[in-house]
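Residue numbers (this note's numbering): 7 to 399.
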Ligand code: GLT
Ligand code: MN
Ligand code: MN
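Written out as structure tokens, the structure is:
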């Protein structure tokens, strides 16, 4: 079926090999789906209208593969990419599956593990570059603790910083066209993960040697797990010029990491996130870091993939309607000019410090009783938004 919500490569939708390839294993049950070979994933995603596919090193190349085996796998994968035109915009390292990383990778208490994590990442960066990736994601799922008796959080942050600095210098020395995107998560698989939110990550970036190379990869579910509004984290990342990548998915509050289909749980939250990205004309990849329900067979996986992209495009169209809706826009214009606009529906001028401005402010009188009495009409605004989202407007 082709309609206004049919995804096309120019929409820049991407999936991970690990997302559509997720076999449905969970802590209580074995995989329910057979692994889908990477080349088949590439062909299916291209058919569905995606732009690209992302990967961890070991999603493609098993960690015990000999060099010749690695080269054969990469050759076959590249052939599938060339046949379909699918891109690999982002790559990352699996620094969490191997039991060697049980106490973390860059922040393990064992110096050998910290060095091995760097070695593994160097090889994975090379692989990403070979496949054309210019974005590299760091999700430190094992970087944390179950007990604070085990690790000094300040030493751990120091090791983390050394690792990212080392890797930035490697990319620079190799003259790779590559930037890093850091992804936060509050917990799972560790009891507590270091740098648990996008805001923590943002502050950490400015302590690095090359902050200009490093940005953020916020994930909807991870901010929700921390009890936060993801669109606010994304807005702050945009404001700082640090939104390098995004992981779109869905999550119920107070649950384990569910990685649900984007928009399937909190469509209103998803709407405001899409609106934010589209209003900002953000040029990055719309990556879906989620997977099909464990109940699904392979057909269900492809339903999940096209559903993710379709929902995004539907919400994008709803955002356009929101921006064009006369009643909603009238309410917003009133808010913009409330308390003294700059003429027409222009907002008031910014208050910028000067000695004169400070003196004028000190002398100003405010009609506080009137200010205290006024309402903001947000109930009406939200109801109009809901009616638009629910399809009756
Ligand atoms: C893992 C995790 C994701 C990360 C991936 C990148 S791996 O699936 O749950 O949030 O983005 O390492
Ligand atoms: Mn997740
Ligand atoms: Mn993610």
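Even glycine gets a Cβ: it sits at the ideal position worked out from N, Cα and C.
Small disclaimer: the values here were computed from a predicted structure and weren't measured.
{"Item": "Neighbourhood of residue 113 by C-beta distance below 6 angstroms, restricted to the same chain and skipping five residues each side", "Value": "149, 162, 165 and 166"}
{"Item": "Given residue 142 as reference, the closest of 263, 258 and 63 once Cα atoms are compared", "Value": "63"}
{"Item": "Residue span of the beta strand (DSSP E) that contains residue 60, given as start and end", "Value": "58-62"}
{"Item": "With 16 other Cβ atoms within 10 Å as the buried cut-off, status of residue 357", "Value": "exposed"}
{"Item": "Member of 237, 235 and 199 whose CA lies at the smallest distance from the CA of residue 108", "Value": "199"}
{"Item": "Alpha helix (DSSP H) runs wholly inside the stretch 186-226, at least 4 long, in chain order", "Value": "204-211"}
{"Item": "Whether residue 213 touches residue 190 by CB criterion (7 angstroms)", "Value": "no"}
{"Item": "CB contact below 7 angstroms: residue 285 versus chain B", "Value": "Note that chain B does not occur in the displayed structure, where there is just one protein chain."}
{"Item": "Residues with C-beta closer than 5 angstroms to any heavy atom of ligand 3, in chain order", "Value": "225, 253 and 295"}
{"Item": "Pick from 328, 173, 394 and 284 that is closest to residue 318, judged by C-alpha positions", "Value": "284"}
{"Item": "Buried versus exposed, by CB contacts within 10 Å (16 or more), residue 382", "Value": "exposed"}
{"Item": "Exposed unless 16 or more other CB atoms sit within 10 angstroms - verdict on residue 116", "Value": "exposed"}
{"Item": "For residue 297, three-class secondary structure by DSSP", "Value": "coil"}
{"Item": "Coarse secondary structure for residue 398, derived from DSSP in three states", "Value": "coil"}
{"Item": "Nearest neighbour of residue 94, chosen from 85, 60 and 256 [CA to CA]", "Value": "60"}
{"Item": "Simplified DSSP state of residue 34, which is helix, strand or coil", "Value": "coil"}
{"Item": "For residue 25 and residue 38, the rounded distance between their alpha carbons", "Value": "14 angstroms"}
{"Item": "Under the three-state DSSP convention, the category residue 178 falls into", "Value": "helix"}
{"Item": "Residue interval of the beta strand (DSSP E) (run including residue 24)", "Value": "Here residue 24 belongs to no beta strand (DSSP E); instead the alpha helix (DSSP H) covers 23-26."}
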